[in-house]
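Taken in order, these protein sequences are the chains called A and B.
If you're matching positions, the first sequence starts at 1 in UniProt numbering and goes up one per residue.
If you're matching positions, the second sequence starts at 1 in UniProt numbering and goes up one per residue.
Cβ coordinates follow ideal geometry from the N, Cα and C atoms, glycine included.
Only one structure is covered here, and it is reproduced in the block below.
2 protein chains.
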Amino acid sequence: MSQATLAPPPAIPAFRRLAALAPFDARADIALRDAARRARRIPIRQELLSEGKPVMDPQILLSGWAARTRILPDGRRQIMGLLLPGDLIGHCYQPEPLATSTIVALTDLEICPAPSAEDFPSLSCAYGISHALDESFLLAQITRLGRMNAYERLADLFLELLERLSMAGLTSEGAFDHPLTQELVADVTGLTPVHVNRVVKTMRQDGEVLWATGYLVLTAPGALASRIGWAPFRVSLSMPQRQ
Amino acid sequence: MSQATLAPPPAIPAFRRLAALAPFDARADIALRDAARRARRIPIRQELLSEGKPVMDPQILLSGWAARTRILPDGRRQIMGLLLPGDLIGHCYQPEPLATSTIVALTDLEICPAPSAEDFPSLSCAYGISHALDESFLLAQITRLGRMNAYERLADLFLELLERLSMAGLTSEGAFDHPLTQELVADVTGLTPVHVNRVVKTMRQDGEVLWATGYLVLTAPGALASRIGWAPFRVSLSMPQRQ
DNA sequence: CGAAGCATTGACTGGGGTCAACTTATGTGG
DNA sequence: CCACATAAGTTGACCCCAGTCAATGCTTCG
């Protein structure tokens, strides 16, 4: 037996995502379950990281949504990206890291300390890929804001969310639960809440989305993706392709 | 002597930047000079990385400017960020990395292989900080595109360039050389070339900038910074503060 | 049941895009 | 060294996407 024992697909969505990025061995799986037992609850609206302040030890987001935000002196707010179950928080490669953005809980959260990559080498691969994906989300966000119109921005964002949530097994048939208000979507997409509302109205009329508070359905994700030229994220040859 | 010998301030701008991020020892300095001797020239407009293709071994940009770009199916182009002397190219933490954006030379470049952090531990700190700064530039870019008007976008970009170039010693008195066309600035800031031209005209009339092809002067960087709420980048407590 | 937050809609405005013409560099070959 | 070609910068006229302002419903939850 030269091959390390792989853990079975995890039941916890957050860990299912990590395993989808790069399989890890049974030892790492045990460490993760153990960490999950020491999970901490974070109430909605609480800040996990504050821009300019030291960064906490690396954590895994077990459940709930969070946002990386920056606020301009005059109050304008931009959300740099959303954090979903299975995402990493506070993984840095520089010494004494300072937070470059504020992370705020959009729902009540569960987070747990991330087993260190040194102790569990089979996790470092998943961590590295997760990190690279994070960067890739930022690039997608830049393209959205810089070169897409309002309709495309919303569609592109929804497709990203669908893709990311599906890695954790949190979607079914193009549908997923979410805690987004139209104001939050506006702060992600660089629009105003009023205009988000108008665009959502159009998307509904087009039959592209069903949006109810807390719940979003993309009726034809594939068609929408090809219409706006959206493509899945790919940051490593070794990352398993989705079907 | 418990302290490692620190190298004197490097003469090459690219290395001066790295040393400014985190001091390294004489051994690393020698390795860098040695790498510089094996520098490669890249002609203008050549691609260093291509989106979706495997990433080359880690390199240091010794001289010249490059851009991280993404092109939408219909030809719209967005520049995610600019690469300046001393910036790192192709440093990834995931296995078998694939490029998430295309990197194209805006001028003739010199690049050299980056001495590995394993062989020269005193460099890993500078690499880590450089990596964190890169992310921080992406966040700045997102805020620019999402929540700033055209005037602020240009001012913010110019201040970022001034700050970054000054770390390599490539500025004097708010002035620096650059290879930017108004079309390139437009692709960075998410505007059209025509509108960039109009905004530059206003900035000239305001006395904020002197822009000639190849050369940019910010007449009062400090005042401009406080007017638009710009702040220097800070990603590590251990990173030396600028004066 | 009241209050606060969120969603929705209309009327109007304006920043930035589009189109097109023209001027000014840059440069390349004869 | 000039002639021509091409790229880059400049300007005006006009338009439209998205912002602003404001009023009105609709939930949700204490």
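Neighbour flag for residue i against chain A, beta carbons, 8 Å
i: residue 89(B); result: no
i: residue 30(B); result: no
i: residue 76(B); result: yes
i: residue 244(B); result: Here chain B comprises residues numbered 1 to 243, so residue 244(B) is not present and cannot be evaluated.
i: residue 131(B); result: yes
i: residue 141(B); result: yes
i: residue 236(B); result: yes
i: residue 72(B); result: yes
i: residue 147(B); result: yes
i: residue 122(B); result: no
i: residue 61(B); result: no
Chain B contact for residue i (CB, 8 Å cutoff)
i: residue 93(A); result: yes
i: residue 80(A); result: yes
i: residue 227(A); result: no
i: residue 47(A); result: no
i: residue 35(A); result: no
i: residue 96(A); result: yes
i: residue 2(A); result: Since pLDDT at residue 2(A) reaches only 44, below the 50 mark, its modelled position is unreliable, and no value is offered.
i: residue 243(A); result: Residue confidence for residue 243(A) is low, a pLDDT of 49 falling below 50, so the modelled location carries little weight; the figure read from the coordinates is stated next. Answer no: the Cβ-Cβ gap between residue 243(A) and chain B never drops below 8 Å.
i: residue 125(A); result: yes
i: residue 54(A); result: yes
The beta strand (DSSP E) enclosing residue i, as first and last residue numbers
i: residue 93(B); result: Here residue 93(B) belongs to no beta strand (DSSP E), and DSSP marks it neither H nor E.
i: residue 80(B); result: 77-83
i: residue 113(A); result: 109-113
i: residue 67(B); result: 66-71
i: residue 235(B); result: Taken as a continuous stretch (DSSP letters only), residue 235(B) belongs to no beta strand (DSSP E), as it is neither H nor E.
i: residue 47(B); result: 47-49
i: residue 177(A); result: 175-177
i: residue 212(A); result: 209-212
C-alpha distance - residue i paired with residue j, whole-angstrom precision
i: residue 111(A); j: residue 223(A); result: 35 Å
i: residue 243(A); j: residue 121(A); result: Summary for residue 243(A): the model assigns pLDDT 49, below 50, so the residue's position carries little reliability; its value from the coordinates is reported in the next sentence. About 27 Å.
i: residue 197(B); j: residue 182(B); result: 7 Å
i: residue 2(A); j: residue 26(A); result: Unreliable positioning characterises residue 2(A) in this predicted model, as indicated by a pLDDT of 44, which lies under 50. A coordinate reading is not provided.
i: residue 62(A); j: residue 168(A); result: 10 Å
i: residue 82(A); j: residue 126(B); result: 28 Å
i: residue 17(A); j: residue 177(B); result: 46 Å
i: residue 237(A); j: residue 95(B); result: 8 Å
i: residue 193(B); j: residue 108(A); result: 45 Å
i: residue 154(A); j: residue 105(A); result: 22 Å
i: residue 116(B); j: residue 93(B); result: 13 Å
i: residue 40(B); j: residue 74(A); result: 46 Å
i: residue 28(A); j: residue 19(A); result: 10 Å
i: residue 184(B); j: residue 188(A); result: 25 Å
i: residue 59(B); j: residue 88(B); result: 6 Å
Spatially closest choice to residue i from the options, by CA coordinates
i: residue 232(B); options: 209(B), 145(B), 161(B); result: 161(B)
i: residue 76(B); options: 186(B), 196(B), 45(B), 198(B); result: 186(B)
i: residue 98(B); options: 212(A), 49(A), 135(A); result: 135(A)
i: residue 44(B); options: 38(B), 65(B), 35(B); result: 65(B)
i: residue 212(A); options: 230(A), 179(A), 53(A), 29(A); result: 179(A)
i: residue 36(A); options: 11(A), 206(A), 23(A); result: 11(A)
i: residue 229(A); options: 9(B), 59(B), 29(B), 71(B); result: 71(B)
i: residue 143(A); options: 190(A), 118(A), 184(A), 84(A); result: 190(A)
i: residue 227(B); options: 156(B), 146(B), 51(B); result: 156(B)
i: residue 51(A); options: 34(B), 13(B), 139(B); result: 139(B)
i: residue 22(B); options: 123(B), 147(B), 49(B); result: 123(B)
i: residue 146(A); options: 24(B), 49(B), 78(B); result: 78(B)
Neighbourhood of residue i by C-beta, 6 Å cutoff - its chain only, sequence neighbours within 5 removed
i: residue 15(A); result: 32
i: residue 80(B); result: 68, 101
Other residues of its chain near residue i: CB distance less than 7 Å, five sequence neighbours each side excluded
i: residue 57(B); result: 90, 113
i: residue 235(B); result: 129, 132, 133, 136
i: residue 171(A); result: 162, 165
i: residue 225(B); result: 159
i: residue 148(A); result: 156
The alpha helix (DSSP H) enclosing residue i, as first and last residue numbers
i: residue 196(B); result: 193-205
i: residue 17(B); result: 13-21
i: residue 142(B); result: 121-147
i: residue 26(A); result: 26-37
i: residue 189(A); result: 182-189
i: residue 106(B); result: Counting along the chain, residue 106(B) falls outside any alpha helix (DSSP H), and DSSP gives it neither H nor E.
i: residue 228(B); result: 221-228
i: residue 165(B); result: 150-167
Sequence-distant residues of the same chain with beta carbon closer than 8 Å to residue i, five excluded per side
i: residue 221(B); result: 159, 162, 174
i: residue 209(A); result: 158, 200, 203, 216, 217, 218, 219
i: residue 54(A); result: 96, 97, 98, 99
Heavy atom of the ligand ZN within 7 Å of residue i beta-carbon
i: residue 17(B); result: This structure lacks the ligand ZN, and indeed carries no ligand of any kind.
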